[in-house]
Each structure stands twice: as C-alpha cells, then as structure tokens.
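Trainee: Anchor point for the sequence shown: position 145 equals 145 in our numbering, and the numbering is continuous, going up by one each time. The C-beta atom is built at its ideal place from N, Cα and C for all residues, glycine as well. One structure is given below, represented as structure tokens, and several questions about it will come after.
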Amino acid sequence: GVEVEEDTLDFYFGDEVSPGGYLWIFPKGRNTANVGLGVSVESAKKKSAIRYLQEFLERRFPNAAVLTHIAGGVPCAKTCNAIVKNNVLLVGDAAHQVNPVSGGGIISGMIGGMIAGEVAAEAIRTNDFAHLMEYERRWHKRLGWRHEVFYRIKESISDFSDETLNSIAASALKLPEHKRTLGGIFRTALWNRPSLLLDVARVFVS
1 GVEVEEDTLD FYFGDEVSPG GYLWIFPKGR NTANVGLGVS VESAKKKSAI
51 RYLQEFLERR FPNAAVLTHI AGGVPCAKTC NAIVKNNVLL VGDAAHQVNP
101 VSGGGIISGM IGGMIAGEVA AEAIRTNDFA HLMEYERRWH KRLGWRHEVF
151 YRIKESISDF SDETLNSIAA SALKLPEHKR TLGGIFRTAL WNRPSLLLDV
201 ARVFVS
C-alpha cells in the first residue's frame with residue numbers, strides 16, 4: 001500500500017516530474033491512492049509520460065503495487081473554431097472543451113452537453129436547424145471565452161523554470177490557509193516577482 005495523509009491532496013510540478021503539466025496524489029482510503037500525471041507533448045521529449053510516472057512511483061512509493069493503469073490524451077487547447085456543422089454538435093473533448101490550465105474537462109463537458117441538448121431540443125421543436133448555431137454562441141458566452149484566457153495563461157506559465165515555480169510555492173506557503181486561493185497565490189507571486197505580470201501580459205498582447 002501507500003502511506004499518504006488521507007485528508008491531503010498532493011501536487012507536484014517541474015521538469016523533473018511532469019514537464020508542462022503536473023503530477024497528483026489523491027488518497028482513496030485503505031492505503032490506496034490515485035497517482036497520475038499529465039505532461040505536455042511539447043515539453044516531455046526526453047521520456048514518455050508513463051516513464052515519468054514509473055520513476056516517481058519508484059522514488060515515492062517503492063513498495064506499492066499498481067492496481068490498474070488508465071491512460072489517454074487531453075486536448076489542452078482553445079475550443080475548436082467550429083463546434084456546429086452539418087447538424088452535428090461537438091461536445092467535451094471532441095470540441096476541446098477542456099480547461100487548458102488544469103486539463104480538467106468533466107464539468108465543462110457536462111455544461112457543453114447541457115447547452116447542446118437544450119439548443120438541439122429547441123431546433124427540433126421549431127423545425128429550425130439553423131438554430132443549432134446558437135450552441136456556439138451560448139458556449140462561448142458561458143465558458144469558451146474563459147478557456148481562451150486560460151489558454152493564453154497556460155502558454156505563458158509553461159515557460160516558467162522550476163526555480164520560478166519554487167519561488168511561487170514558497171510565497172504561497174507564507175499565506176494564511178484561508179487565503180491560499182488561486183487569486184491569493186497569484187497576487188502573492190506578483191508581489192514577490194513583479195516580472196510575472198510582464199510574462200502574462202506578453203501573452204495577451206502578442
């Protein structure tokens with residue numbers, strides 16, 4: 001089994017562990033845990049994702065047994081330019097409805113599916129299939145525009161060195177626990193390293 005704190009989620013960042021992404025440890029109880037990682041294809045050129053994971057497990061949990069493997073790809077990009085065409089509506093990973101920073105897509109995919117279902121039902125009810133284009137508009141208004149912003153931020157922070165990430169983490173640890181929100185961490189990082197603002201701004205004006 002694995003020895004982890006049952007009430008703590010662990011995340012690891014950096015080129016040595018998960019270049020262009022992050023590694024996680026989610027306790028599942030009874031000395032078991034969900035241990036996985038995501039890496040960027042552009043950044044992880046030295047080794048495969050599974051090799052990065054195996055090396056981490058050998059260091060962190062040398063006596064643990066792997067119960068199951070799950071692998072796949074996640075499109076950490078902007079939403080597809082066209083998610084409606086020829087009366088076909090794309091939802092979820094097929095539409096790139098994934099948060100480009102975290103790689104999470106379950107919630108956004110469910111939201112996309114809900115919007116698509118509502119729009120499709122209305123198109124059928126009124127026999128007006130041109131109405132399907134409303135799905136693109138509603139998706140962009142709900143989450144699509146945010147994903148475009150997140151994508152630009154991801155492009156900026158993907159160039160951060162391990163030293164920069166360590167500096168941000170050290171700053172975050174100085175915050176009271178109730179202020180360790182994403183906003184609080186970002187503000188603290190800017191206070192300690194004002195150049196981060198220039199890095200992010202550079203992406204938005206490019």
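When you compare only the Cα positions, how much space is there between ILE223 and VAL98?
Mentor: Nothing about residue 223 can be reported from this structure: the residues present for the chain run from 1 to 206 only.
Trainee: Grab me the residues of VAL17's own chain with a C-beta within less than 8 Å of its C-beta, minus the 5 sequence neighbours each way, in chain order.
Mentor: Within the sequence shown, residue 17 is the residue found at index 17, counting from 1. The residues are LEU23, LEU37, TYR52, PHE56.
Trainee: I'd like the span of the beta strand (DSSP E) that includes ILE70, first residue to last.
Mentor: Numbered from 1 along the sequence shown, position 70 holds the residue referred to as residue 70. ILE70 -> no beta strand (DSSP E), and no H or E assigned at all.
Trainee: Under 8 Å by Cβ, that's how I've got SER108 and LEU143 pegged, so tell me the actual separation to the nearest angstrom.
Mentor: Stepping through the sequence shown from its first residue, residue 108 is reached at position 108. Stepping through the sequence shown from its first residue, residue 143 is reached at position 143. About 6 Å; that satisfies the 8 Å criterion.
Trainee: Who are the Cβ neighbours of GLY14 in its own chain at under 7 Å, not counting the five residues just before and after it?
Mentor: Within the sequence shown, residue 14 is the residue found at index 14, counting from 1. Correct list, in chain order: ASP162, LEU165.
Trainee: Who are the Cβ neighbours of ASP10 in its own chain at under 6 Å, not counting the five residues just before and after it?
Mentor: Sequence index remark: in the sequence shown, residue 10 carries index 10 (1-based). Counting only Cβ-Cβ distances below 6 Å, and skipping sequence neighbours, we find ILE25.
Trainee: Just to confirm, are VAL2 and ALA33 a CB contact at a threshold of 7 Å?
Mentor: What you label residue 2 is simply residue 2 of the sequence shown in a count that begins at 1. What you label residue 33 is simply residue 33 of the sequence shown in a count that begins at 1. Going by C-beta atoms, VAL2 is nearer than 7 Å to ALA33.
Trainee: Measure the Cβ-Cβ separation of VAL84 and TYR12 and say whether it is below 7 Å.
Mentor: Taking the sequence shown and counting its residues from 1, one reaches residue 84 at position 84. Taking the sequence shown and counting its residues from 1, one reaches residue 12 at position 12. For VAL84 and TYR12, no; Cβs fall outside 7 Å.
Trainee: What would DSSP say about ALA123, mapped onto helix, strand or coil?
Mentor: Translated into positions along the sequence shown, residue 123 becomes position 123. Looking at ALA123 - three-state DSSP - the assignment turns out to be helix.
Trainee: Flag this pair as yes or no: are the beta carbons of PRO19 and ALA44 separated by less than 7 Å?
Mentor: By one-based count along the sequence shown, residue 19 stands at place 19. By one-based count along the sequence shown, residue 44 stands at place 44. Yes, the pair counts as a contact, with Cβ atoms nearer than the cut-off.
Trainee: Measuring CB to CB, does PRO208 end up less than 7 Å from LYS154?
Mentor: The structure shown does not extend to residue 208, since the chain spans only 1 to 206, so no value can be given for it.
Trainee: Check for me: the alpha helix (DSSP H) holding ASP162 runs from which residue to which?
Mentor: To locate residue 162, count along the sequence shown from 1; it is residue 162. Per DSSP, ASP162 belongs to the alpha helix (DSSP H) from 162–173.
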